[in-house]
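K.L.:
Numbered as in our numbering, the sequence shown ends at 176 without a single skipped number. Ideal placement from N, C-alpha and C gives every residue a C-beta, glycine not left out.
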Amino acid sequence: MTDKIERLKSFDSEKLIDIVKNYRQYGYDENLRNDTLEILKKRGIDKEQLILTGNYKNQNYDSAKDIYESFNRNSKKALILYGVVLLMSILTAIISSDKLIFLSSAMLIINLILIGLFIIFLIKSMINQSQFHKAIGKKNDSEFMLIFLVLGISLYFILYFYFRNKMNEQMSLIE
2 MTDKIERLKS FDSEKLIDIV KNYRQYGYDE NLRNDTLEIL KKRGIDKEQL
52 ILTGNYKNQN YDSAKDIYES FNRNSKKALI LYGVVLLMSI LTAIISSDKL
102 IFLSSAMLII NLILIGLFII FLIKSMINQS QFHKAIGKKN DSEFMLIFLV
152 LGISLYFILY FYFRNKMNEQ MSLIE
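1) Could you work out which residue in Leu33, Leu38, Asn59 is closest to Ile175 when comparing CA atoms only?
2) Give me the Cα-Cα distance between Leu115 and Val85, rounded to the nearest whole angstrom.
3) Name the two residues that bound the continuous alpha helix (DSSP H) containing Asp30.
4) In terms of residues, what are the limits of the alpha helix (DSSP H) holding Ile96?
5) Whole angstroms are fine: how far does the CA of Leu113 sit from the CA of Ser155?
6) Lys16 by DSSP, collapsed to three states: which one?
7) For Lys14, count neighbouring Cβ atoms within 10 angstroms of its own Cβ and tell me buried if that reaches 16, exposed if not.
8) Could you tell me the boundaries of the alpha helix (DSSP H) in which Thr3 lies?
9) At the level of alpha carbons, what is the spacing between Leu177 and Asn129?
10) Closer than 6 Å by C-beta to Gly55: which residues in its own chain qualify, once you throw out the five before and the five after it? Chain order, please.
11) Do Ser76 and Ser126 have their C-beta atoms closer together than 8 Å?
12) Thinking Tyr62 and Asn23 are a contact (beta carbons under 8 Å), I'd like their distance in whole angstroms, please.
13) Over the uninterrupted alpha helix (DSSP H) stretch that includes Lys125, give me the two end residues.
14) Could you spell out where the alpha helix (DSSP H) holding Lys140 opens and where it closes?
15) Flag Ile52 as yes if its beta-carbon sits less than 8 Å from any beta-carbon of chain B, otherwise no.
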């Protein structure tokens with residue numbers, strides 16, 4: 002631990018301020034941030050000064066991170082619903098016979114409800130994705146979003162992983 006503190010002490014104040022502001026982006030923990038704050042305090046720069054100058058928190062990163070986490074929650078729910086809808090569709094097709102008409106009708110109604118829920122979470126994840134692009138200052142391709150909506154229903158299992166990885170890469174580029 003003392004090696005880390007000695008290394009932090011060797012940095013100039015600008016670098017230490019950058020560490021305080023962007024510690025999450027760098028993968029540092031709260032303890033390292035607190036140690037950095039202590040070193041800055043000894044150099045005459047306290048927490049209040051950092052807050053007033055906008056160097057205590059990285060608002061862009063925090064906002065994008067919150068939206069990204071919301072996207073992950075909504076898209077995971079959509080992916081789970083997608084799998085359940087596929088399974089229910091297969092089961093409904095197998096069970097649909099003259100003798101089990103009530104059961105297959107009930108499964109069809111449940112499946113329609115699940116499809117509706119899937120579409121709701123798909124749209125929520127699309128909205129999160131749009132908000133994410135706005136938060137990081139990137140242009141959002143509305144044509145691509147239309148393709149996502151059309152293909153999203155049939156190819157969601159592929160698009161889920163693609164968009165999640167793409168947004169994860171973009172998180173590391175936020176300044």
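P.N.:
Looking at the atomic coordinates:
1) To locate residue 175, count along the sequence shown from 1; it is residue 174. Out of Leu33, Leu38, Asn59, Asn59 has the C-alpha closest to the C-alpha of Ile175.
2) Here residue 115 refers to the residue found at position 114 when the sequence shown is read from its first residue. Here residue 85 refers to the residue found at position 84 when the sequence shown is read from its first residue. Rounded to whole angstroms, Leu115 to Val85 spans 8 Å at the Cα level.
3) Position 29 of the sequence shown, counted from the first residue, corresponds to residue 30. Unbroken run through Asp30: none, as it is neither H nor E.
4) By one-based count along the sequence shown, residue 96 stands at place 95. 60–96 is the span of the alpha helix (DSSP H), which, as asked, contains Ile96.
5) The residue you call residue 155 lines up with position 154 of the sequence shown. The residue you call residue 113 lines up with position 112 of the sequence shown. Ser155 and Leu113 have their C-alpha atoms roughly 15 Å apart.
6) Taking the first residue of the sequence shown as 1, we reach residue 16 at position 15. Correct three-state label for Lys16: helix.
7) On the sequence shown, residue 14 is found 13 positions in, with the first residue counted as 1. Contrary to the premise, residue 14 reads as Ser rather than Lys in this sequence. Exposed.
8) As a working note, residue 3 is residue 2 in the sequence shown. Element bounds for Thr3: 3–11.
9) Nothing in the structure corresponds to residue 177, since the chain is present only between 2 and 176.
10) Along the sequence shown, read from residue 1 onward, the residue named residue 55 stands at position 54. Once the five neighbours on either side are set aside, Gly55 has no close Cβ partner at all.
11) Residue numbering aside, residue 76 sits at position 75 when the sequence shown is read from its first letter. Residue numbering aside, residue 126 sits at position 125 when the sequence shown is read from its first letter. The answer is yes: Cβ separation under 8 Å.
12) Here the question's residue 62 lines up with position 61 in the sequence shown. Here the question's residue 23 lines up with position 22 in the sequence shown. Approximately 7 Å separates the beta-carbon atoms of Tyr62 and Asn23; this is inside 8 Å, confirming the contact.
13) Here residue 125 corresponds to residue number 124 of the sequence shown, with the count starting at 1. From DSSP, the alpha helix (DSSP H) with Lys125 extends over 102–137.
14) Your numbering for residue 140 matches position 139 in the sequence shown. No alpha helix (DSSP H) contains Lys140, which DSSP labels as neither H nor E.
15) The displayed structure is made up of one protein chain only, and chain B is not part of it.
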